[in-house]
Amino acid sequence: MSLAPFIRAMTQDDLPAVAAIMARNALWQRYGVTLASAAQRLQRGLENGATIAVAEVEGQIAGFVWYVVEGAFQRSGYIMLFGVAPDAHGQGIGRALLSHAEAALFAVSPSIILLVSDFNREAQRFYQRHGYTQVGALPDYVRPGVSELIYFKSRPV
Numbered sequence: 001m002s003l004a005p006f007i008r009a010m011t012q013d014d015l016p017a018v019a020a021i022m023a024r025n026a027l028w029q030r031y032g033v034t035l036a037s038a039a040q041r042l043q044r045g046l047e048n049g050a051t052i053a054v055a056e057v058e059g060q061i062a063g064f065v066w067y068v069v070e071g072a073f074q075r076s077g078y079i080m081l082f083g084v085a086p087d088a089h090g091q092g093i094g095r096a097l098l099s100h101a102e103a104a105l106f107a108v109s110p111s112i113i114l115l116v117s118d119f120n121r122e123a124q125r126f127y128q129r130h131g132y133t134q135v136g137a138l139p140d141y142v143r144p145g146v147s148e149l150i151y152f153k154s155r156p157v
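The numbering used here numbers the first residue of the sequence shown as 1 and each following residue consecutively.
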């Protein structure tokens, strides 16, 4: 049985590990993300005060979530980026990170919105299991030929 992840704010020291998670992920590779471009994006985020949390297991970064309060329509929370290290799939890392982001966002927002690529069936199932509903699609939003599916969840009553 694996240890429960410790969820905490990302620091500058975590940047290489988080960038590596992005660069090793087939989804982000499909969007042209490299180790250098991931590191640059994360660095800009940290410099601009982005809210990025990491999941740490036995001293290793196993995943991350980048979320924005009122990041969608100046009303809803927005989960911008979410990733789990390939060797950490199936260990509850994603569930722990999503729970962390939801707790923070639902404390101040009535709902959460996120995007999932149409070809990313695993992520679609993950979010559906956690109460998200697909409410629309943005064709060619990030990449020609790929629709970004809009997922939505209201704060539980």
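For each residue, glycine too, the CB sits at the ideal point set by N, CA and C.
1) Please list, in chain order, all residues of the same chain as glutamate 58 whose beta carbon is under 7 Å from its beta carbon, the five residues on each side excluded.
2) Looking at the unbroken alpha helix (DSSP H) that takes in leucine 35, where does it start and where does it end?
3) If you follow the beta strand (DSSP E) that proline 139 is part of, which residue opens it and which one closes it?
4) With distances taken between CB atoms, is the gap from valine 65 to leucine 42 smaller than 8 Å?
5) Using three-state DSSP, classify arginine 8 as helix, strand or coil.
6) Assuming serine 76 contacts isoleucine 112 under a Cβ cut-off of 8 Å, what Cβ separation, rounded to an integer in Å, is found between them?
7) Helix, strand or coil for glycine 63 per DSSP?
8) Looking only at its chain, what residues have a beta carbon closer than 7 Å to the beta carbon of methionine 80, apart from the 5 residues adjacent to it on each side?
9) Find out if the Cβ-Cβ distance for the pair alanine 23, threonine 34 is shorter than 8 Å.
10) Let me know the secondary structure DSSP gives leucine 114 once reduced to three states.
11) With H, G and I counted as helix, E and B as strand and the rest as coil, what does DSSP make of leucine 15?
12) List the endpoints of the continuous alpha helix (DSSP H) containing serine 99.
13) In three-state terms, what does DSSP make of leucine 27?
14) What would DSSP say about phenylalanine 126, mapped onto helix, strand or coil?
On the basis of the coordinates in this document:
1) In the sequence shown, counting from the first residue as 1, residue 58 sits at position 58. Hits under 7 Å: Leu3.
2) The count along the sequence shown starts at 1 and reaches residue 35 at position 35. 35-47 is the span of the alpha helix (DSSP H), which, as asked, contains leucine 35.
3) In the sequence shown, counting from the first residue as 1, residue 139 sits at position 139. Per DSSP, proline 139 belongs to the beta strand (DSSP E) from 133-139.
4) Reading the sequence shown from its first residue, position 65 is the one you call residue 65. Reading the sequence shown from its first residue, position 42 is the one you call residue 42. No, the pair does not count as a contact, with Cβ atoms beyond the cut-off.
5) As a first step, residue 8 is located in the sequence shown; it is residue number 8 there, counting from the start. DSSP places arginine 8 in strand when its eight states are reduced to three.
6) Start at 1 with the first residue of the sequence shown, and residue 76 comes out as number 76. Start at 1 with the first residue of the sequence shown, and residue 112 comes out as number 112. Contact holds; Cβ gap of about 6 Å.
7) Position 63 of the sequence shown holds residue 63. In the structure shown, glycine 63 sits in a strand (DSSP, three-state: E or B).
8) Here residue 80 corresponds to residue number 80 of the sequence shown, with the count starting at 1. Contacts found: Trp66, Tyr67, Val68, Gly71.
9) Mapped onto the sequence shown, residue 23 falls at position 23. Mapped onto the sequence shown, residue 34 falls at position 34. Contact: yes.
10) Taking the first residue of the sequence shown as position 1, residue 114 is located at position 114. Strand.
11) As a position in the sequence shown, residue 15 is number 15, starting the count at 1. In the structure shown, leucine 15 sits in a helix (DSSP, three-state: H, G or I).
12) Numbered from 1 along the sequence shown, position 99 holds the residue referred to as residue 99. First-last of the alpha helix (DSSP H) with serine 99: 93-106.
13) Here residue 27 corresponds to residue number 27 of the sequence shown, with the count starting at 1. In the structure shown, leucine 27 sits in a helix (DSSP, three-state: H, G or I).
14) As a first step, residue 126 must be located in the sequence shown, where it is residue number 126. In the structure shown, phenylalanine 126 sits in a helix (DSSP, three-state: H, G or I).
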